[in-house]
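Remember, the numbering used here sits 7 above the position in the sequence shown when you count from 1.
Input: a single structure, listed below in structure tokens.
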Amino acid sequence: MGVEAVLIGLRAAAEATRLRLLALCAQGDLSVSDLVRILGLSQPRVSRHLKVMCEAGLLDRLPEGTWVFYRLAPAGPGAQVARAIVGLVAGEAGATDETAGLLAVDRARLEALRAERADAAAAYFRSNAPQWDELRRLSGAEEPVENAIAQRLAGRPIRDLLDIGTGTGRLLERLAPLARHATGIDQSREMLSLARANLDKARIRHAQVRQGDMYALPWPSASFDAISVHQVLHFAEHPGAVIAEAARVLRPGGRLIVADLAPHEREDLRERHNHRRLGFASADIKAWCAQAGLIWREDLTLPGPELNVCVWVADRPETGPERE
């Protein structure tokens with residue numbers, strides 16, 4: 008990291024409000040409205056400070072529909088400066104008495120905001136409990152499937168992990184310890200709110216979620232070392248396209264794991280739960296992986312009370328042209 012990069016970062020953070028914003032954004036994804044509420048400042052003022060720190064590489068800006076979330080930058084010279092500054096002010100050692108008091112108030116307000124999110128998540132689950140309970144009853148407990156996925160990633164060098172269709176973030180939370188940085192993507196804002204609440208509750212700081220389309224992932228080719236697609240494909244109109252897009256952002260030597268229902272005849276799931284496909288044969292998944300340039304590794308069937316779940320594993324070759 009060069010001296011100029013350090014100076015740029017220090018100049019961008021050299022203001023009490025910006026120190027407060029950095030300390031807050033180090034705790035996870037926060038929207039502009041979240042930060043306005045916590046700091047008690049006007050939206051234009053907060054946005055101006057955020058813009059300066061994003062331009063300096065201290066923060067990441069994550070658009071989500073009409074909303075924008077901010078978090079500490081995960082990589083780059085600015086990220087190193089940001090982490091160093093946050094480390095100094097975390098225990099108030101590097102802050103004035105006045106700023107230290109404001110940081111303590113900010114933390115308390117953030118915890119209150121997280122408690123509200125947790126309550127909202129619980130209410131959402133209560134209102135949808137019958138649907139969740141029925142799906143669990145049909146396919147059995149989620150832990151065996153999650154464990155099977157985690158076991159097939161354990162021991163691999165994973166810098167960046169992606170969970171496509173992350174939903175409540177349950178699998179993302181399970182897999183995050185295996186990676187240096189983990190990301191979940193989903194189209195549903197309600198689900199993303201649940202996922203953020205769950206990650207906050209678990210105190211997982213190196214994982215984030217964002218809104219996006221599984222057919223057009225918002226990352227360049229070869230961005231991830233491991234990708235999971237768990238109970239997502241049966242909702243997809245074009246499951247082969249989902250696998251192809253996942254393969255595009257998979258790095259050489261990276262691993263794709265798909266978990267979904269085995270073929271079944273429960274036609275009622277189409278209407279009651281919007282399932283587009285009644286499970287998948289291994290031959291179909293293998294064919295889609297081959298078309299996407301992946302090497303087939305393994306398939307595993309986990310029996311459920313009424314529906315079986317399959318786990319399919321494929322790797323991207325260590326060498327070869329990137330898929331566009």
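C-beta: ideal position from N, C-alpha, C; glycine also.
Original post:
With DSSP run on the structure shown, which of helix, strand or coil describes Ile156?
Top reply: Correct three-state label for Ile156: helix.
**OP:** Provide the residue span of the alpha helix (DSSP H) that contains Gln87, from first to last.
**Re:** Going by DSSP, Gln87 is part of the alpha helix (DSSP H) stretching over 84-97.
**OP:** Starting from the C-beta of Ile165, find all residues in its chain whose C-beta is less than 8 Å away, skip the five residues before and the five after it, and write them out in chain order.
**Re:** Cβ neighbours of Ile165 beyond the five flanking positions: Leu185, Ala186, Arg187, Asp232, Ala233.
**OP:** Just grab the DSSP bridge partners of Thr190 for me.
**Re:** When DSSP reads this structure, Thr190 sits in a beta bridge with Leu169, Gln215.
**OP:** Assign His245 to one of three DSSP states: helix, strand, or coil.
**Re:** Here His245 sits in coil by DSSP.
Subject >> Minimum C-alpha distance to Arg196 - residue among Arg121, Ala115, Ala183, Gly176 >> reply: Put simply, of Arg121, Ala115, Ala183, Gly176 the residue whose alpha carbon is nearest the alpha carbon of Arg196 is Gly176.
Subject >> Reduced DSSP secondary structure (H/G/I, E/B, other) of His282 >> reply: Here His282 sits in coil by DSSP.
Original post:
Alpha carbon to alpha carbon, how far is Val256 from Arg114?
Top reply: Cα atoms of Val256 and Arg114: separation of roughly 36 Å, rounded to the nearest angstrom.
Original post:
Taking DSSP as the reference, what is the three-state secondary structure of Ser38?
Top reply: Collapsing the DSSP output to three states places Ser38 in a strand.
Original post:
Roughly how many angstroms separate the alpha carbons of Ala321 and Gly260, rounded to a whole number?
Top reply: Looking at the two C-alpha atoms, the distance is approximately 10 Å.
Subject >> Cα-Cα separation, Lys293 to Val316 >> reply: A straight-line Cα-Cα distance of about 16 Å links Lys293 and Val316.
Subject >> Ser40 versus Gln50 - alpha carbon distance >> reply: A straight-line Cα-Cα distance of about 7 Å links Ser40 and Gln50.
**OP:** Compute the distance between the beta-carbons of Ala89 and Ala80, then report whether it is under 8 Å.
**Re:** Yes; because the gap between Cβ atoms is below 8 Å, this pair is in contact.
Original post:
Roughly how many angstroms lie between the CA atoms of Ala209 and Arg181, to the nearest whole one?
Top reply: One C-alpha to the other measures close to 10 Å.
Original post:
Is Arg116 near Ala204, with beta carbons less than 8 Å apart?
Top reply: Between Arg116 and Ala204, the C-beta spacing is not below 8 Å.
Original post:
Can Val93 and Ala30 be called in contact, C-beta distance under 8 Å?
Top reply: Their beta carbons are under 8 Å apart, which means Val93 touches Ala30 by this criterion.
Original post:
How long is the line joining the alpha carbons of Gly101 and Leu57, rounded to whole angstroms?
Top reply: At Gly101, the pLDDT of 47 sits below 50, so the modelled position is not reliable; the number obtained from the coordinates is stated separately. In a straight line, the C-alpha of Gly101 is about 21 Å away from that of Leu57.
Original post:
What did DSSP end up calling Leu224 once you bin it into helix, strand or coil?
Top reply: Leu224: coil per DSSP, three-state reduction.
Original post:
Taking the DSSP output, what are the residues bridged to Ser263?
Top reply: Here residue 263 is Leu; the residue named in the question, Ser, does not match the sequence. Note: Leu263 sits in a beta bridge opposite Ile234, Ala321.
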